[in-house]
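**Q**
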């Protein structure tokens, strides 16, 4: 657990540096302090590789890097897309098992990677010099049995509450410090006829974000919960601090838009920026999706961490980005490695951030955020500066319930209460524990 | 000379090989793997744990309940509607050929496309159905979002799509009925209702039996329409056996999903065969 805290501290340090850079008003992207690789000479050798990526990831930045790779390295990248969520995971697993995987596979880091049996399919990068640049917390999220498999696909992100600042101004609301304040704000908005909370549960995975994004609050009260849960000695239903996550989820039920079970993730982006809803509990990657369509209007949006019950100890739950994994059975392993090295070079990250701004700190050591980041990311920065960040459960615990989205969707739509949802989640996790060979009896 | 000896038993070999390789072997292996925790490479034997889990866990056993509901209701909707439409379309109406095509048309469209279309039509605020209801001053429901109505919304689409096949089978059955029965009945002074009840209904029993069996087994196996309309949601409200099995498979619980398949096989076998026997008994020549 210690290294995890250190990892968060490293990110915090990065963010603190960024703050300084912003104050001095330096260029769009400050040079890395430990000798950047900008202007590095790249070997030019023509080759073509394929990549498989989900459609929820914003493509503009990836496309920019691919274009640059073609120009500088001679690598042509053919992009193939798949759906996200459980269906997408199924596609990845099936294609891996049938030997039909693209050269580069974009997939989650953390416990979901472990399910893929990576040693069988992916290139081990631990011997590569450039893999040392990976942030430690991220590196751990792509390490299985000592082998490092991935490079960060995007910047880190967070599960948090995005809110429309115009609406807050109109109703004279303050950013809530506790869950109670948050619900009070929602009540005020609801009474005024506004949609207090955007529900985008037509896209099922979004239903789990309020629960997952509450992890900092859970672990700040029960620091050992992640470990105890993994080894089976603690349960959500019987640990009050953890149960609270599901109770909070159930409490939100009355504040959603009328069509919250049919609204999709994409609809949610539109609703938030257009003021059709005041809050949206979602991953900060939504900022990029909004930026792609609405440009600078994204700065109408502010952010705060999922509030807890204690005003003095509230923090942000951070997600390590998904990663590119190289196909071990490809005929283009050299090209894949060249592309990976390039992808995490400063040059490529510059190109990436010119197309699309990061939704949180980079998972690359020494890389700093540009100072024209989204307003909401600046709001997030405060938590990093105070050291009040922790990673999501899936980076601290090997067990994640497969039906998490459906259980949360059931709870948030009022079919079950918090307690039942927590019990169901515990049961659901038991299946995963069994699959992983962890004895939970 | 014994005729049976003309052909050597070796002629059976190709069939047996195919049948064993493609049916018997997978069945036996799936029975075995349903008793394990399996990741396609390694497995651990766990006995009946998977089956226990399937019956005890709410998010899994709701699939069994919903499957039965879906099969029974879907089947009765199709049989009733199909029969009535077939009666109408075998009567003396001028446009019956066009109408027969129209009623069969939904069946030609891909189920996934139907699902996606109806999902859009049933959208609570932007869908055509609720907009139309709103225009005449009615307040539409959240068809797919309300856990209590969602399964029935899907069922109505299932019936809309499946009624064409039922109708065609009924029409074929009705046309095969000898016209002299009706003539004789008319001479005896029977009215339309009596002819329907005493001639059409009993004499198209074979057709009805086919429809019932097809619709029932189809309902038990249903997956694509439900998956494209609700994904099993909201929560688990519209999960059927096939979607539950698919989800377990997609998450890599291969042992558990195989156990689900075994349960589905047993369920279909134990309901479909007796049902068929029962139906055949009642057939009139």
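Chains as they are written, first to last, in the UniProt record's numbering: chain F, 1 to 441; chain Y, 1 to 285. Note that beta-carbon positions come from the ideal geometry of N, C-alpha and C, so glycine has one too.
Can a CB atom of chain F be found closer than 8 Å to the CB of residue 224 of chain Y?
**A** Output row for residue 224 of chain Y: interface = no.
**Q** Could you check what DSSP says for residue 161 of chain F in three-state terms: helix, strand or coil?
**A** strand
**Q** Counting only Cβ pairs nearer than 7 Å, list the residues of chain Y close to residue 410 of chain F.
**A** Annotation: Cβ neighbours of residue 410 of chain F in chain Y (cutoff 7 Å, chain order): 234, 235, 236.
**Q** Where does residue 266 of chain Y fall in DSSP's three states?
**A** helix
**Q** Fully enclosed by the region 94 to 140 of chain F, which alpha helix (DSSP H) runs are 4 residues long or longer?
**A** 111 to 114, 118 to 121
**Q** Consult DSSP for residue 160 of chain Y and reduce its assignment to one of helix, strand or coil.
**A** helix
**Q** For a test of the three-state rule: what should DSSP assign to residue 49 of chain F, helix, strand or coil?
**A** Residue state for residue 49 of chain F is assigned as strand, using DSSP reduced to three classes.
**Q** Residues of the region 238 to 253 of chain Y with a CB closer than 9 Å to any CB of chain F: list them in chain order, please.
**A** 239, 246, 247, 248, 249, 250, 251, 252, 253
**Q** At a CB distance below 8 Å, what residues from the region 27 to 53 of chain Y approach chain F? Give them in sequence order.
**A** 37, 39, 40, 41, 44, 46, 49, 53
**Q** DSSP puts residue 305 of chain F in a beta bridge; with which residues?
**A** In DSSP, residue 305 of chain F forms a bridge with F:160.
**Q** Please decide whether residue 117 of chain F counts as near chain Y, where near means a Cβ-Cβ distance under 8 Å.
**A** yes
**Q** Are any of the Cβ atoms in chain Y nearer than 8 Å to that of residue 253 of chain F?
**A** With its beta carbon at least 8 Å from every one in chain Y, residue 253 of chain F lies outside the interface.
**Q** Express the C-alpha separation of residue 416 of chain F and residue 410 of chain F in angstroms, rounding to a whole number.
**A** 6 Å
**Q** Which residues does DSSP list as the beta-bridge partners of residue 281 of chain F?
**A** F:161
**Q** My output table needs one value for residue 325 of chain F: the three-state DSSP class, helix, strand or coil.
**A** strand
**Q** Determine, using beta carbons only, whether residue 327 of chain F comes closer than 8 Å to chain Y.
**A** no
**Q** Per DSSP, what are the beta-bridge partners of residue 256 of chain F in this structure?
**A** F:197
**Q** Under three-state DSSP, which class holds residue 316 of chain Y?
**A** Nothing in the structure corresponds to residue 316 of chain Y, since chain Y is present only between 1 and 285.
**Q** Is the CB-CB distance between residue 149 of chain F and residue 362 of chain F below 8 Å?
**A** No.
**Q** What distance in whole Å lies between the Cβ atoms of residue 211 of chain Y and residue 166 of chain Y, which are believed to be in contact at a cut-off of 8 Å?
**A** So it is a contact: roughly 5 Å between Cβ atoms.
**Q** Does the beta carbon of residue 381 of chain F sit closer than 8 Å to a beta carbon anywhere in chain Y?
**A** no
**Q** Could you name the residues of the same chain whose beta carbon sits closer than 6 Å to that of residue 185 of chain F, not counting the 5 residues immediately before and after it, in chain order?
**A** 173, 176
**Q** Compute the distance between the beta-carbons of residue 208 of chain F and residue 404 of chain F, then report whether it is under 8 Å.
**A** yes
**Q** Does the region 419 to 438 of chain F come within contact of the region 12 to 29 of chain Y, defined as at least 3 CB pairs closer than 8 Å?
**A** no
**Q** Scan the region 50 to 109 of chain Y and note each continuous alpha helix (DSSP H) run of 4 residues or more that stays entirely inside, going in chain order.
**A** 58 to 90, 96 to 104
**Q** By a C-beta neighbour count over all protein chains shown, 10 Å radius and 16 as the cutoff for buried, is residue 400 of chain F buried or exposed?
**A** buried
**Q** Given this structure, state the Cα-to-Cα distance separating residue 94 of chain F from residue 88 of chain Y, to the nearest angstrom.
**A** 48 Å
**Q** Please list the partners that residue 144 of chain Y has in chain F, where partner means a Cβ-to-Cβ separation under 8 Å.
**A** 261, 262
**Q** What is the DSSP secondary structure of residue 148 of chain Y, reduced to helix, strand or coil?
**A** coil
**Q** Smallest Cα separation from residue 390 of chain F: which of F:87, F:223, F:102?
**A** F:223
**Q** May I have the straight-line CA-CA distance separating residue 9 of chain F from residue 387 of chain F, to the nearest angstrom?
**A** Residue confidence for residue 9 of chain F is low, a pLDDT of 45 falling below 50, so the modelled location carries little weight and cannot support an answer.
**Q** Could you give the distance in angstroms between the alpha-carbon of residue 205 of chain Y and the alpha-carbon of residue 180 of chain Y?
**A** 18 Å
**Q** Kindly provide the ranges of any alpha helix (DSSP H) runs that are 4 or more residues long and lie completely inside the region 210 to 260 of chain F, ordered along the chain.
**A** 215 to 221, 225 to 230, 240 to 251
**Q** Can you give the Cα-Cα distance for residue 255 of chain Y and residue 21 of chain Y, rounded to whole angstroms?
**A** Their Cα atoms are separated by approximately 21 Å.
**Q** So, does the CB of residue 156 of chain Y fall closer than 8 Å to a CB anywhere in chain F?
**A** Among the CB atoms of chain F, none fall inside 8 Å of the CB of residue 156 of chain Y.
**Q** What are the start and end residues of the beta strand (DSSP E) that includes residue 316 of chain F?
**A** Its beta strand (DSSP E) spans residues 316 to 319.
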